[in-house]
Amino acid sequence: MTTPYPFSAVVGLDDLRLALLLTAVSPAVGGVLVRGEKGTAKSTVVRAVANLLPDVAVVRGCRFACDPAAPDPQCPDGPHEAGAPGVHRPAALVELPVGATEDRVVGTLDIQRALADGVKAYEPGLLAAAHRGVLYVDEVNLLPDHLVDLLLDAAAMGRAHVERDGVSVKHAARFLLVGTMNPEEGEPRPQLVDRFGLVVTVAAPRDPGQRAEVVRRRLAYELDQDGFAARFGGEEKELAAQIVTAQKLLPGVKLPDRELDRIARVCLAYGVDGMRADIVVARCAVALAAWHGRSLVTAEDVADAARLALPHRRRKDPLDPPGTDEEKLEQALNEAENDLPPDEPEGPDGDDDPDGGPPPPPPPPPGPNDDGNGGPPPPASNEPSADAPPADAPLAGDESPRGETAPSRTAGAAPAAPGSAFRPRTLSISHRGEGGHAGRRSPAFARRGRVIGSREPRGKLAGAPHLPATLRAALHRGARSVSPADLREAVHVGREANLVLFVVDASGSMAARKRMTIVKTAVLSLLRDAYQRRDRIGMITFRGHEAEQVLAPTSSHEVGVLRLASLRTGGRTPLAAGLRKAAATIATERRRDPRRRPLLVVVTDGRATSGLDPVTLAPLLTGVATVVVDCESGPVRLGLAGRLASALDADLMPLDTLEMRSAA
1 MTTPYPFSAV VGLDDLRLAL LLTAVSPAVG GVLVRGEKGT AKSTVVRAVA
51 NLLPDVAVVR GCRFACDPAA PDPQCPDGPH EAGAPGVHRP AALVELPVGA
101 TEDRVVGTLD IQRALADGVK AYEPGLLAAA HRGVLYVDEV NLLPDHLVDL
151 LLDAAAMGRA HVERDGVSVK HAARFLLVGT MNPEEGEPRP QLVDRFGLVV
201 TVAAPRDPGQ RAEVVRRRLA YELDQDGFAA RFGGEEKELA AQIVTAQKLL
251 PGVKLPDREL DRIARVCLAY GVDGMRADIV VARCAVALAA WHGRSLVTAE
301 DVADAARLAL PHRRRKDPLD PPGTDEEKLE QALNEAENDL PPDEPEGPDG
351 DDDPDGGPPP PPPPPPGPND DGNGGPPPPA SNEPSADAPP ADAPLAGDES
401 PRGETAPSRT AGAAPAAPGS AFRPRTLSIS HRGEGGHAGR RSPAFARRGR
451 VIGSREPRGK LAGAPHLPAT LRAALHRGAR SVSPADLREA VHVGREANLV
501 LFVVDASGSM AARKRMTIVK TAVLSLLRDA YQRRDRIGMI TFRGHEAEQV
551 LAPTSSHEVG VLRLASLRTG GRTPLAAGLR KAAATIATER RRDPRRRPLL
601 VVVTDGRATS GLDPVTLAPL LTGVATVVVD CESGPVRLGL AGRLASALDA
651 DLMPLDTLEM RSAA
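Quick note: the sequence shown uses the working numbering, first residue 1, plus one each step.
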């Protein structure tokens, strides 16, 4: 048996260690989401924390980990009487794989017993196994939407509801939810992120000494796992004992009204949505006080809790750059401190001053030349400062009084910024796919959704069985019992995610700032739509004499937004080079992931002033679903985008019709 890597042996990651310890002290905090680049020991430290959790008492023989002191009255293995015989066992650490099926997560009908014995038996899933323990999801941002829905329901209600295949079961499912993710692979759904009480961002240490110590400890662990674990055994026991002590102290910790007022003011100043943030910060602050052995929450506890619980709750747009806005949080904490009414501690004789001395005199009122801070008043708004240039000084790119021309303003001009995103029309692949990746864009066969029929399994049963079809197959064979050869699986239809590859014209014909702003706004809207539909995205631009892949196919839509904002224009229009680069990218992605279907979105006015005629490259994209967004404008239009769309067998969509407008 492999010895677990000791929790105490992990170097650095102080915020992550503290967050995990606090949720162990108070599971009501709501779990931890760990964001970080690959190779930063995220999974190692999460798996190690299970060894610190105290043992749990469970009813003997109960598959749902009922507490003998307070058994679940709806337990499928019950009812259990209070005080039923129990056993102690370590808290469970259950890992939820990204590729798990819905049946494996919530449980399902026990097919073997149902067919062999004719009884309706329920086989519990991972949610039942994680009750009163830890549910760990590695790469939680890649979790399919239907599994995210199940986690959201269980996290919100503390119970799992199973209504399927003639089975109706409810059981307790309260667990410490811990997820890890690499932001480069995209963001999880905002609803799921909001369910995590604390979010920690980790990175590899930048100190050479710490990096060397990480390697030293890892090599020592590989040489002698048992000896390495024993080396940190004492620290592990101390941490485990401190968790138990903090759990006992937790119910007696007081949260003063002043600190509760501080929490409310910080959340308001930080601009969070809803009330969950206030509740989580309060619970985390109480857990912090208990962890430090105090019975009263302090301002430092509130500040530390806010840094762990608030940063992920402020995002207003799904494509805003994620991460901690430390300056904004510090500003919110300072504003809350300044807005709080003055604290009035009582001295031993009931005086306001604990030292018994007279209160300090109030500061003198500001004078006519005083700004209130003791300094001289600032200059009036219509008076230039000494460091300001004269009002008639020429700007960069303007002609100076001597007739000399300053450097061109356009040479260093910032690229056109996109406007506010709008709701675009849905672009999808018309014919139905095989449902390689769950999503919300194109119609496809899926593991869940509307049932349209049944079929024989292609090897192992992939989803839920189709019981009527299974029974019909057995009757057709003339048998009196059902055999494995009679099994039929249900055929569902739903939606899948695609690879949306943008090919954007960045040539001089698009360089008019107003026009490029409109184009970037349209692409930004399509990027947001791709995020909401769980697609992978890629981006190719073409200008001058070549095409460039500015964004390799990825699930990180935020990177796509950054690439779009910095996109510059100019030069000729090598449209054929853009199509050739798109064909090569799609071919590479098909070899890498043959089950994900591509959707090509070409944003162009159809002009081609460099390279081959783009129509001649249409055979390279045969069979690829394509949409041509026509950017041509003005009173005289050549219709070149329509010619390209006809050659590609693509849908043609004028740019001004891309926005979904409500009927008047």
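Every residue gets a Cβ at the ideal spot worked out from N, C-alpha and C, and that includes glycine.
Since residue i is in the beta strand (DSSP E), which residue starts that stretch and which ends it?
i           : result
residue 170 : 167–172
residue 632 : It is not in any beta strand (DSSP E) - residue 632 carries neither H nor E in the DSSP assignment.
residue 446 : 438–446
residue 649 : Neither: residue 649 is in no beta strand (DSSP E) and is coded neither H nor E.
residue 177 : 176–181
residue 138 : 134–138
residue 263 : Careful: residue 263 lies outside any beta strand (DSSP E), inside the alpha helix (DSSP H) at 257–270.
residue 57  : 56–59
residue 471 : Run containing residue 471: none in the beta strand (DSSP E); it sits in the alpha helix (DSSP H), 467–476.
Go ahead and pull the three-state DSSP assignment for residue i.
i           : result
residue 507 : coil
residue 275 : coil
residue 108 : strand
residue 405 : Confidence at residue 405 is low in this model, with a pLDDT of 35, below 50, so its placement is unreliable and the value that follows should be read with caution. Reduced to three states, the DSSP call for residue 405 is strand.
residue 492 : strand
residue 659 : strand
residue 201 : strand
residue 243 : helix
residue 248 : helix
residue 557 : helix
residue 522 : helix
residue 454 : strand
residue 42  : helix
residue 531 : helix
residue 298 : coil
residue 350 : The predicted model places residue 350 with a pLDDT of 41, which falls under 50 and marks its position as unreliable, so this point remains unresolved.
residue 609 : coil
Distance, Cα to Cα, residue i vs residue j?
i           : j           : result
residue 501 : residue 137 : 29 angstroms
residue 76  : residue 159 : 12 angstroms
residue 252 : residue 190 : 34 angstroms
residue 614 : residue 606 : 9 angstroms
residue 95  : residue 602 : 42 angstroms
residue 19  : residue 425 : 42 angstroms
residue 93  : residue 151 : 16 angstroms
residue 420 : residue 200 : 30 angstroms
residue 103 : residue 524 : 37 angstroms
residue 79  : residue 67  : 12 angstroms
residue 350 : residue 336 : Caution applies to residue 350, whose pLDDT of 41 falls short of 50 and renders its modelled position unreliable; the value that the coordinates give is listed next. Residue 350 and residue 336: Cα-Cα distance of roughly 28 angstroms.
residue 248 : residue 49  : 19 angstroms
residue 175 : residue 131 : 5 angstroms
residue 178 : residue 625 : 39 angstroms
residue 632 : residue 193 : 41 angstroms
residue 107 : residue 623 : 40 angstroms
For residue i, report the span of its alpha helix (DSSP H) as first-last.
i           : result
residue 216 : 208–223
residue 327 : 326–339
residue 23  : 14–25
residue 578 : 575–592
residue 595 : Premise fails: residue 595 is in no alpha helix (DSSP H) and is neither H nor E.
residue 146 : 145–157
residue 541 : Looking at the DSSP string, residue 541 is not in any alpha helix (DSSP H); the run it does join, the beta strand (DSSP E), is 536–543.
residue 127 : 126–129
residue 195 : 190–195
Please work out which residues of its chain come closer than 7 angstroms, Cβ to Cβ, to residue i, disregarding the five sequence neighbours upstream and downstream, and give them in chain order.
i           : result
residue 559 : 551
residue 329 : 270, 306, 307, 310, 311
residue 86  : 57, 58, 59, 60, 68
For residue i, which residues of its own chain have a beta-carbon under 6 angstroms away from its beta-carbon, when the five flanking residues on both sides are left out?
i           : result
residue 184 : 556
residue 440 : 495, 533
residue 235 : 8
residue 46  : 136, 178
residue 645 : 628, 652
residue 339 : 265
Short of 8 angstroms in beta carbon distance, which residues of its chain neighbour residue i, apart from the five on each side in sequence? Order them along the chain.
i           : result
residue 446 : 435, 438, 492, 493, 494, 495, 496
residue 392 : Note that residue 392 has pLDDT 37, beneath the 50 cutoff, so the model's placement of it is unreliable and the number below is only indicative. Taken in chain order, the list of residues that qualify is empty.
residue 544 : 507, 570, 571, 572, 574, 610
residue 621 : 579, 582, 583, 586, 600, 648
residue 510 : 516, 519, 569, 605, 631
* To do: Kindly confirm or deny that the segment 424–435 and the segment 471–490 touch, where touching means at least three C-beta pairs closer than 8 angstroms.
  => no
* **Meets three-Cβ-pair contact criterion under 8 angstroms: the segment 32–51 and the segment 10–17** => yes
* Asked: Do the segment 557–571 and the segment 590–598 make contact, defined as three or more Cβ pairs closer than 8 angstroms?
  -> In this structure the segment 557–571 does not lie against the segment 590–598, because fewer than three pairs of beta carbons, one per stretch, are closer than 8 angstroms.
* Asked: So, do the segment 60–80 and the segment 168–188 have three or more beta carbon pairs nearer to each other than 8 angstroms?
  -> yes
* Check whether the segment 285–304 touches the segment 217–229, taking contact to mean three or more Cβ pairs, one atom from each stretch, closer than 8 angstroms. => no
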